[in-house]
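Engineer: Mapping the sequence shown onto the UniProt record's numbering, position 116 (from 1) lands on 116, and the numbers just tick up by one.
In this text, a Cβ means the ideal position worked out from N, Cα and C, and glycines have one as well.
Before anything else, here's the structure in question.
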Amino acid sequence: MECHNSLIDDILLELLDPNTTPEKALETLSYPCISHEAYLRDDDHVLIFLAYMRFIMTRLPAACVEGIWEELLKKTLMYSLGNFSHLTEEITCVRSTHAGFVLADDPLVSTWLQKALVTHNKCPNPYIRLELFRLIRILLSKKKENMSIDEWECLCITLNCVCETFIHTISKIQPHHLYPSDGDDKVLFDFTDLRFIFNIYEVQMDEYLQKVISNGIIEYWKKDTELDVDSDEAGFIAHCIQLIGIFTVRANSIPDPVTHMTMICYLCNFFKYNLGKLIFINGMKTPWDQFQYVLSQLPFKPYITATINDLRSAVCNKCIYSGSIATRIDSIAQDLGVYTKTYDLPRLLFSRQVHGPTSVQRHALLTIHLSSLKLRLSSKTDSKDDDAEVVVVEEMDVEVSDTDDSDNDVNDNDVSDVYVSDTDVSDAEVGDEEASDAEFLDAYW
């Protein structure tokens, strides 16, 4: 026990010494006696981990996290992975009676994390930024009810900047690096962290995400630009969908089938009720309807198909089968037009594959599509003469699926050519630069 206390105190005192360099701290952390000491308890490993995090946060210069500091931060994160596994709940306070060390209540930690996440230039490595988002959940114990009014207002202002950093981070990672692996690219960020960021500090951060993503989609429509994964907005949506599939695969290692099914249920709900609210361009249609339309465009289809297949495989391959979860997955697949090849494919989904969307779904898609076309038209009106120009939209061949097989044949006249004239938009003159996007979309919807 004396050896145990001596080792802990020596490490803490070394990290508290202002003359300790990051090179020396990295060398100490690499000692076998720290990484593989049998008599160190989980709490001791947690204390060492937090001590190194505090050393990095308090000593790191104002410049980017790079070079030796990035190596030290990465080594510290890997230390937590190799020595304890229960660091999934908030740590309110960790104290060493000999060194008087306290971390979680230190305001320097909170300040450093917020500054590091306000801009992605602070920490260029996107995988380390993911771990910083994870540390927000683990290290910062303050909740809304424990904050002063000034602290709460400051946090709300910071969230918008953190939101943009989060979008940029997710769009730049390669999600398959989060698969379980024995390689060097180990990442601790998991579904719990992703869900926490969407609901950080009990503030519905998805409102911030919704605003940024929706505005990005609007700008693409105005510029008559096709969505691609190179953009932050499209890349964020595509990678979040892919992450759901990856977290589903990781959940397959959960031994208890009931716990496993619960996790799959959480993932399905997150897909529809968190990601499904990211697109909200106009109040005339639900966010899920608008999300369906955006996801019907390339390049999202491969990501959706792979994730739906992962979800269905997770349900079908376990000894316990949940019909309600399978039905929920089928419903998402039907709405997003994904046709999974499984032995128990529901008849409703098969009917959609053969006959196409229903008339109600077709009407919703046409309405949203017409809105996007008018947005594209509006961006060109400033450079046009006052003479009204007519834009002809190509005929869309869409089949209708009704319960009666005799009604499955579709008359081409049901989906006639759509004509959009400048004279039809007199109430929302596009040339008025002061009109907001919301007013502009409301006039067209």
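By a C-beta neighbour count over all protein chains shown, 10 Å radius and 16 as the cutoff for buried, is Ser30 buried or exposed?
Structural biologist: On the sequence shown, position 30 is the one that residue 30 refers to. It counts as exposed.
Engineer: How long is the line joining the alpha carbons of Ala99 and Leu50, rounded to whole angstroms?
Structural biologist: Your numbering for residue 99 matches position 99 in the sequence shown. Your numbering for residue 50 matches position 50 in the sequence shown. Caution is warranted here: a pLDDT of 47 is assigned to Ala99, below 50, making its placement in the model unreliable, and the coordinate value is therefore given only provisionally. Answer to the nearest angstrom: the Cα atoms are 14 Å apart.
Engineer: Which residues bound the alpha helix (DSSP H) around Gly276?
Structural biologist: Counted from its first residue, the sequence shown places residue 276 at position 276. Premise fails: Gly276 is in no alpha helix (DSSP H) and is neither H nor E.
Engineer: Classify Pro302 as helix, strand or coil using the three-state DSSP reduction.
Structural biologist: For the purposes of this step, residue 302 is identified with residue 302 of the sequence shown, where counting begins at 1. If DSSP states are grouped into helix, strand and coil, Pro302 belongs with the helices.
Engineer: With a cut-off of 8 Å on the beta carbons, I'd call Cys123 and Val65 a contact; round off their distance for me.
Structural biologist: For this step, residue 123 is matched to residue 123 along the sequence shown. For this step, residue 65 is matched to residue 65 along the sequence shown. Yes, Cys123 and Val65 are in contact; Cβ-Cβ is about 4 Å, under 8 Å.
Engineer: Check for me: the alpha helix (DSSP H) holding Lys122 runs from which residue to which?
Structural biologist: Here residue 122 refers to the residue found at position 122 of the sequence shown. Element bounds for Lys122: n/a, residue is neither H nor E.
Engineer: What is the residue span of the alpha helix (DSSP H) that Thr286 lies within?
Structural biologist: Mapped onto the sequence shown, residue 286 falls at position 286. Looking at the DSSP string, Thr286 is not in any alpha helix (DSSP H), and its letter there is neither H nor E.
Engineer: With a 10 Å radius around its C-beta and 16 neighbouring C-beta atoms as the bar for buried, classify Tyr127 as buried or exposed.
Structural biologist: Taking the first residue of the sequence shown as position 1, residue 127 is located at position 127. Its Cβ being crowded by 16 or more others within 10 Å, Tyr127 is buried.
Engineer: When you compare each of Leu178, Asn199, Phe198 to Phe189 by their alpha carbons, which one comes out closest?
Structural biologist: As a first step, residue 189 must be located in the sequence shown, where it is residue number 189. Per the Cα distances, Leu178.
Engineer: Is the stretch 279-298 close to the stretch 258-265, with three or more CB pairs under 8 Å?
Structural biologist: The stretch 279-298 vs the stretch 258-265: no contact.
Engineer: Relative to the C-alpha of Asn269, which candidate in Arg250, Asp289, Ile332, Thr305 has its C-alpha closest?
Structural biologist: As a first step, residue 269 is located in the sequence shown; it is residue number 269 there, counting from the start. Closest option to Asn269, Cα to Cα, is Ile332.
Engineer: Helix, strand or coil: how does DSSP classify Asp10 here?
Structural biologist: Taking the first residue of the sequence shown as 1, we reach residue 10 at position 10. DSSP places Asp10 in helix when its eight states are reduced to three.
Engineer: Using three-state DSSP, classify Gly67 as helix, strand or coil.
Structural biologist: As a position in the sequence shown, residue 67 is number 67, starting the count at 1. Coil at Gly67, not helix or strand.
Engineer: On a Cα-Cα basis, can you pick out the residue from Leu15, Glu27, Arg312 that is closest to Ile56?
Structural biologist: For the purposes of this step, residue 56 is identified with residue 56 of the sequence shown, where counting begins at 1. Of the candidates Leu15, Glu27, Arg312, the one whose C-alpha sits nearest the C-alpha of Ile56 is Leu15.
Engineer: Could you tell me whether the stretch 286-303 touches the stretch 249-258, using the rule of 3 or more Cβ pairs below 8 Å?
Structural biologist: No, the stretch 286-303 is not in contact with the stretch 249-258.
Engineer: Which of the three DSSP states is assigned to Phe189 in this structure?
Structural biologist: For the purposes of this step, residue 189 is taken as the residue at position 189 of the sequence shown. Correct three-state label for Phe189: coil.
Engineer: Quick check on this structure: which residue in Ser313, Tyr303, Lys285, Glu233 has the alpha carbon closest to the alpha carbon of Tyr220?
Structural biologist: On the sequence shown, position 220 is the one that residue 220 refers to. Taking only the C-alpha atoms, the option nearest Tyr220 is Glu233.
Engineer: Indicate the three-state DSSP secondary structure (helix, strand or coil) for Pro126 in the structure shown.
Structural biologist: Numbered from 1 along the sequence shown, position 126 holds the residue referred to as residue 126. Looking at Pro126 - three-state DSSP - the assignment turns out to be helix.
Engineer: Tell whether a beta-carbon distance below 8 Å holds between Pro18 and Leu72.
Structural biologist: Numbered from 1 along the sequence shown, position 18 holds the residue referred to as residue 18. Numbered from 1 along the sequence shown, position 72 holds the residue referred to as residue 72. For Pro18 and Leu72, no; Cβs fall outside 8 Å.
Engineer: Helix, strand or coil for Gly323 per DSSP?
Structural biologist: Taking the first residue of the sequence shown as 1, we reach residue 323 at position 323. Note: Gly323 maps to helix in three-state DSSP.
Engineer: So Gly67 packs on Ser171, CB below 8 Å; how close in whole Å?
Structural biologist: Indexing the sequence shown from 1 puts residue 67 at position 67. Indexing the sequence shown from 1 puts residue 171 at position 171. Not quite, the Cβ-Cβ distance comes to about 25 Å (not below 8 Å), so this is no contact.
Engineer: Straight-line CA distance for Arg54 to Lys75?
Structural biologist: By one-based count along the sequence shown, residue 54 stands at place 54. By one-based count along the sequence shown, residue 75 stands at place 75. Near 14 Å, if we compare the C-alpha coordinates of Lys75 and Arg54.
Engineer: If you measure between the beta carbons of Phe191 and Phe133, is that distance less than 8 Å?
Structural biologist: Within the sequence shown, residue 191 is the residue found at index 191, counting from 1. Within the sequence shown, residue 133 is the residue found at index 133, counting from 1. Cβ atoms of Phe191 and Phe133: not closer than 8 Å.
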